[in-house]
Amino acid sequence: SLTIGVLALQGDVREHRAMLEQCGVQTIGVRRPAELAQVDGIVIPGGESTTIGKLARIFDLFEPLRQGLRDGLPAFGTCAGMIMLADAIEGGTADQETFGGIDMVVRRNGFGRQVDSFEATVRFNPSWATAFDSPATFIRAPYVEKVGGAAEVAATVTAPGGDRIVAVRQGRLLATSFHPEITGDTRIHELFVELVRS
Ligand code: GLN
Numbered sequence: 006s007l008t009i010g011v012l013a014l015q016g017d018v019r020e021h022r023a024m025l026e027q028c029g030v031q032t033i034g035v036r037r038p039a040e041l042a043q044v045d046g047i048v049i050p051g052g053e054s055t056t057i058g059k060l061a062r063i064f065d066l067f068e069p070l071r072q073g074l075r076d077g078l079p080a081f082g083t084c085a086g087m088i089m090l091a092d093a094i095e096g097g098t099a100d101q102e103t104f105g106g107i108d109m110v111v112r113r114n115g116f117g118r119q120v121d122s123f124e125a126t127v128r129f130n131p132s133w134a135t136a137f138d139s140p141a142t143f144i145r146a147p148y149v150e151k152v153g154g155a156a157e158v159a160a161t162v163t164a165p166g167g168d169r170i171v172a173v174r175q176g177r178l179l180a181t182s183f184h185p186e187i188t189g190d191t192r193i194h195e196l197f198v199e200l201v202r203s
């Protein structure tokens with residue numbers, strides 16, 4: 006059976022594990038390279054991307070995770086986790102590093118500050134699955150400025166500032182601007198589990 010890790014340095018780890026377990030997979034929290042080596046896929050939760058990057062360095066996970074992603078480890082990043090999977094970011098701190106993996110430019114805090122957090126319905130329209138609408142919570146969320154040739158827009162939302170790309174998939178990498186782990190709707194986690202199985 007599958008084991009999916011949840012990067013457990015910071016952020017809403019417990020919620021992701023609960024959603025994945027509802028999807029019928031085993032989960033472990035990943036804090037060290039030996040744990041990373043055991044997983045069939047990894048979730049990078051929301052939190053603060055600068056902190057996640059720094060803690061990943063401190064816990065000696067940064068390079069193994071970056072390399073794992075290059076070698077095809079499936080990953081699902083939400084919010085700060087989306088930022089960590091981006092090949093390029095805008096609005097980051099000067100020395101901010103990401104793991105990379107998805108050919109996209111992500112704008113940190115693109116929707117504004119904490120007070121601008123909002124809920125909306127996202128239209129999930131991935132070419133590899135049936136389209137559906139999902140409730141989504143955006144908390145100081147990033148959005149995707151653009152995707153490169155290898156990446157595919159998976160969901161958009163109509164936000165106060167216009168339509169924005171809020172989910173992207175590239176091969177077995179998936180990223181969302183929002184937090185599907187807190188909605189009670191397991192469909193997006195199921196999409197990731199299917200990508201891991203594929
Ligand atoms: N604003 C955070 C960052 O830039 C992301 C917020 C979140 O994960 N809820 O890392």
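The sequence shown: position 129 = 134 (UniProt numbering), numbered continuously. Yeah, the Cβ is synthetic: ideal placement off N, Cα and C, and Gly gets one too.
Item: Pick helix, strand or coil for residue 90, following the three-state DSSP scheme.; Value: helix
Item: Examine the ligand GLN and report whether any of its heavy atoms sits within less than 8 Å of the Cβ of residue 84.; Value: yes
Item: Quick check on residue 94: buried or exposed, where buried means 16 or more other Cβ atoms within 10 Å of its Cβ?; Value: buried
Item: Counting only runs of 4+ residues fully inside the segment 55 to 122, write out the alpha helix (DSSP H) ranges in chain order.; Value: 67 to 75 and 85 to 90
Item: Assuming residue 11 and residue 50 are in contact, meaning their beta carbons sit under 8 Å apart, how far apart are those beta carbons, in whole angstroms?; Value: 6 Å
Item: Compute the distance between the beta-carbons of residue 76 and residue 92, then report whether it is under 9 Å.; Value: no
Item: For my contact list, residue 52 and residue 15 are in at a C-beta cut-off of 8 Å; report their separation, rounded to the angstrom.; Value: 4 Å
Item: Report the rounded CA-to-CA distance for residue 82 versus residue 68, giving the unit in angstroms.; Value: 17 Å
Item: So if DSSP puts residue 175 in a beta bridge, which residue, or which two residues, is it bridged to?; Value: 178
Item: The ligand GLN heavy atoms versus the CB of residue 181: any closer than 8 Å?; Value: no
Item: With respect to the beta strand (DSSP E) encompassing residue 140, which residues constitute its N-terminal and C-terminal limits?; Value: 137 to 143
Item: I'd like to know if the segment 99 to 106 and the segment 144 to 157 are in contact, where contact means that at least 3 CB-CB pairs between them fall below 8 Å.; Value: no
Item: Taking the C-alpha atoms as reference points, what is the distance between residue 162 and residue 143?; Value: 11 Å
Item: Verify whether the separation of the beta carbon atoms of residue 8 and residue 55 is less than 9 Å.; Value: no
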